[in-house]
Structure formats: C-alpha cells, structure tokens
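Position 242, counted from 1, in the sequence shown is what the working numbering calls 244; the numbers after and before it change by one each time, with no gaps. Using N, Cα and C, we set each Cβ at its ideal position, and we do this for glycine too.
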Amino acid sequence: MKHCVVIGGGVVGLTTAWALLERGHGVTLVEREPEVAQGASRANGGQLSYRYVSPLADAGVPLKALRWLLDPDGPLRFKPEASWAQWSWLIAFLRNCRGPVNRRTTERLLALGAYSQASFARLQAEARLDAIALRAPGKLVVYRKPAEFARVAARMNGSGVEQAMSHDDCVALEPALADAGSALAGGIFTPGEAVADCHAFCTQLHERLRQHEGFRGRLGAAVEGLLRDGQGRVRGVRTAAGEVAADATVLAAGLHSRALAAAAGVALPLYPLKGYSLTAPIQAGHLPPEVSVTDFEKKILYARIGQELRVAAMVDLVGDDAGLDAGRLASLQRSVRATFPNAADYDRATPWAGLRPATPSGAPILGASGQPGLWLNVGHGALGFTFSFATANILAELVSGRNSPLPLDGLTL
Ligand SMILES: Cc1cc2nc3c(=O)[nH]c(=O)nc-3n(C[C@H](O)[C@H](O)[C@H](O)COP(=O)(O)OP(=O)(O)OC[C@H]3O[C@@H](n4cnc5c(N)ncnc54)[C@H](O)[C@@H]3O)c2cc1C
C-alpha cells in the first residue's frame, strides 16, 4: 500500500482518488479551490461520448479553421500571443491534422472510450451516485452541408452501431429538430451514448471519498511546489497550508498541470481550448431535445440535464483567460435560438466558460512523468468527463506496479 497525493479536484483527480483507494492505497487530494469541480469540470457539455471520439485534429481542419475565423458567429477564435506555449502547440496540432494520424488516434480513443464505459458502470455499481441526472438517450450528430454528411456517412466504420439518418429520420427521432427547418442535411445516430451532470458527479463522488477511511481532502490548498528526497525522487507536495508527504504524487490539475510540471522540469504539451456553455431552465411548454444533439458545423452540443438544457460550444485559442466574452455569448445565444427556439428559457440561461486542457493530438497523457515518484493524468481536452473513468483505472494500475489494462501507445508523454 502506498500513500498517494492527487493534485486537482476536477473529474480527473476525483476519479483517480477513487481508483487508488479501490486498490488499497491511501489518498490525500489537494485542491486549491474551497470546493471541488470549479475548473473545466464545472459546467461542461455533460456528454459521456464513448463512441464519438474523433479528435479535432484532422485533414481539412486547417482550411475549415480559416473559414471559421472569417465567420463572426463561427466556432473558432484565435488571438495570437507572443507565447511559445501557443505556437509550439499550434505547430504540433497542425502536424496531427492528417487523415492517417486522426484515424490512429481515433482507434486509441475508441478503445479508451469502451474501457471508460465499463469503468463507469463499475464505479456506479459501487458508489451509487443517484443524483447526477444520468440518462443514455443516444447521440445524434447533425450535418448542415450535404457534402459533409455524405463524406462522414461514407466513412462510417461498419460496426453497425452508428446509423446514418435522413433529415426526416432525424426529425422523427428528435421532434425538437423540426424547428431547425430544412437547414439539416442528415445525421449520424449512436444509440447508448449517455449524458450526466459532471459537477453533480464530482461533488457526490467527493462525498463518497470523504466517507472512506483512507481518504483525506485538503481543499483551499494550492500546491506551490513538489517535495523531493535526497535522490531527487518526488515525495509529495508543498502547499500554503503545509506539506503533504507521499510515495506517489499524481498530477491531475487540468490545464494548470502545465505550470506545476514545468516547475519540476517536465514539459507538458497542453494548451487551453476555451469553450462556453449555457444552462437554461426548461419549463412547461418547452420542447427540449431528449436525444443528445451535436450540431457538427457549428460545433454546438445540446443535452437535457435534469430540468435544464445544457448547451456547450466554441473553441477559442485566446490564452489562459477563462472570462466571459459578451460577444461570444451573444453569438451562442443567436445560434441556439435559431436551432431550438422553443427548447428552454434562454433569457434565464446561466453562462459559463471553461478551459479544456488539450494536447495537440486530442489524446490524454498518462503514466510516468520521467521524474521518479511523479505520475501524470492530464490533457483530457474535449472529453475529460468521458475518459476520466478509464484513465483513473489505468493510472491506478500503473501506480500499483501493474501493467496498464490497455496499450498505452500514443497515450504517454
Ligand atoms: C465548454 C466545454 C464543454 C465540454 N464538454 C464536455 C463533454 O460534453 N464531455 C466530456 O467528456 N468533456 C467535456 N469537456 C471537457 C472536460 O470538461 C474536461 O476535459 C475535464 O473537465 C478536465 O478535467 P480535469 O480534472 O483534468 O480538469 P479541471 O476540472 O480543470 O480540474 C483541475 C483542478 O485542479 C485544480 N488545481 C489547479 N492548480 C492547482 C494547484 N496548484 N493546486 C491544487 N489544485 C490545483 C483546479 O482548481 C481544478 O479544480 C468540456 C469542456 C468545456 C470547456
């Protein structure tokens, strides 16, 4: 049995703490905020998208990106910075924008997704988190451009799980789409994909963790540096509220892992992809989508989470600023009202912005950091809620001195 410190109380840190406790280790979770899930895990899209995992980096994306940048309501914003972190990430991202690279990463992420789905089922069977608005309505990705829809339908993997649907089939499956009119060319439906409230999941999992005798939570304690022994091995963390010694230190601090790792001499290729969400109350008379819908060209996803409609969107490369941009929110409101005009009360929507901790390839980084005693569970990008259950178990197996249950090719530093 080891004593482990987990840095970060987002969905990745919390699931990692759970997986380590399950294997008999002691865990201290250190989180700088007074509550858990205040970073990217707070009001994300809520998708447990185990099969729709293709990363952003793909052939044709650089060209599309240019078009998106010219569209004031487009899904992408880019603010050039005099920053090595931004430009080196962009160059690496462009190198990943090739069909074969995308397909290889997608295969890895599909395996990770399948393992995550099984891991989530196991966690739920044990933790029984009952108020997380979990549903499995399936995911419908709708396309506006016939050529794009035809291209994607032709590339379907033949597994028989995904179903290509005409415009009329889409509306029959999800009547709330009728308001979008003839703007949709068709869609791809994946049954079984789930949605849940990530913030509720995190707070309830934290409650379960607190009931475990092997768990200590240190909230409101920012990690300021790592402790090392005489051999240079990482032996825990230093916080403003004191030191925490550990046999294994796990970095799971989302985007902020970059700075903490850099201070320890580890360069993590992470960059924030800023996104926005709106959470709008659903009232009598509203017709929200029951199926989880992704508007492919606009890069907007819609999910009913309990009695609220969660809309998540946008990829802004604008540095570490997580502030709300009024122009971007107004643009999101326009798109949402045009697609689902009667789905929720958008006037009372709560806006939020978060920073996706993204790697250039779209795959997370797991396992050894190169510094003895320091482990990585970072870089979950656009699918951290989805992949967290898998990456937590993989990391916990590695910390326990066993082999990863999945090949780690393409998923390490
Ligand atoms: C708009 C948007 C929509 C999204 N939609 C989805 C979706 O539908 N499905 C999906 O699977 N994923 C989605 N994601 C991605 C997902 O939210 C992230 O990948 C995931 O939340 C990352 O979790 P994390 O724990 O790594 O990071 P975070 O949730 O950011 O947690 C990191 C934690 O570390 C803490 N921390 C930082 N520095 C320190 C320090 N020095 N000391 C102590 N603690 C520290 C932070 O306070 C924070 O609590 C979305 C993201 C965004 C922005």
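Determine the closest residue to residue 202 out of 95, 262, 132, 280, with distance taken between C-alpha atoms. 132
Just to confirm, does residue 359 get its C-beta within under 8 angstroms of one of the non-hydrogen atoms of ligand 1? yes
Is the closest heavy atom of ligand 1 to the C-beta of residue 352 under 8 angstroms? no
Using the Cα positions of residue 246 and residue 237, report the straight-line distance between them to the nearest angstrom. 8 angstroms
Identify which residue in 135, 362, 141, 129 has its Cα closest to the Cα of residue 295. 141
Check this for me: beta carbons of residue 380 and residue 270, under 9 angstroms apart or not? yes
Check whether the stretch 336-347 touches the stretch 299-318, counting contact only when three or more Cβ pairs, one atom from each stretch, lie closer than 8 angstroms. yes
Please determine, among 206, 346, 110, 97, the residue with the shortest C-alpha to C-alpha distance to residue 37. 206
Determine whether the Cβ of residue 167 lies closer than 9 angstroms to any Cβ atom of chain D. Chain labels in this structure do not include chain D; a single protein chain is all it has.
For the beta strand (DSSP E) holding residue 6, just list the boundary residues, first then last. 5-9
Rounded to a whole number of angstroms, what is the C-alpha to C-alpha distance between residue 268 and residue 181? 50 angstroms
For residue 49 and residue 183, the rounded distance between their alpha carbons: 25 angstroms
How big is the Cα-Cα spacing for residue 57 and residue 386? 13 angstroms
For residue 88, tell me which candidate among 375, 359, 158 has the shortest Cα-Cα distance. 359
Measuring from the CB of residue 395, is there a heavy atom of ligand 1 at a distance below 8 angstroms? no
Could you give the residue range of the alpha helix (DSSP H) that holds residue 148? 148-156
Using only the alpha-carbon positions, how far apart do residue 356 and residue 330 sit? 13 angstroms
Looking at residue 226: is its Cβ nearer than 9 angstroms to the Cβ of residue 235? no
For residue 358, which of helix, strand or coil comes out of DSSP? strand
Could you please give the first and the last residue of the uninterrupted alpha helix (DSSP H) stretch that includes residue 301? Here residue 301 belongs to no alpha helix (DSSP H), and DSSP marks it neither H nor E.
Assigned secondary structure, residue 14 (DSSP; H/G/I helix, E/B strand, else coil): helix
Counting only the same chain and skipping the five closest in sequence on each side, list residues whose C-beta sits under 7 angstroms from that of residue 1. Examination of residue 1 is not possible in this model, given that the chain is present from 3 through 415 alone.
Buried or exposed: where does residue 85 fall if 16 or more other Cβ atoms within 10 Å of its Cβ makes it buried? exposed
Using the C-alpha atoms, what's the distance from residue 292 back to residue 408? 33 angstroms
Status (buried if at least 16 other CB within 10 Å, exposed otherwise) for residue 101: exposed
Between 27, 12, 16, which lies nearest to residue 400 when the distance is taken from Cα to Cα? 27
Using three-state DSSP, classify residue 168 as helix, strand or coil. strand
Exposure label - residue 143; buried when at least 16 CB within 10 Å: buried
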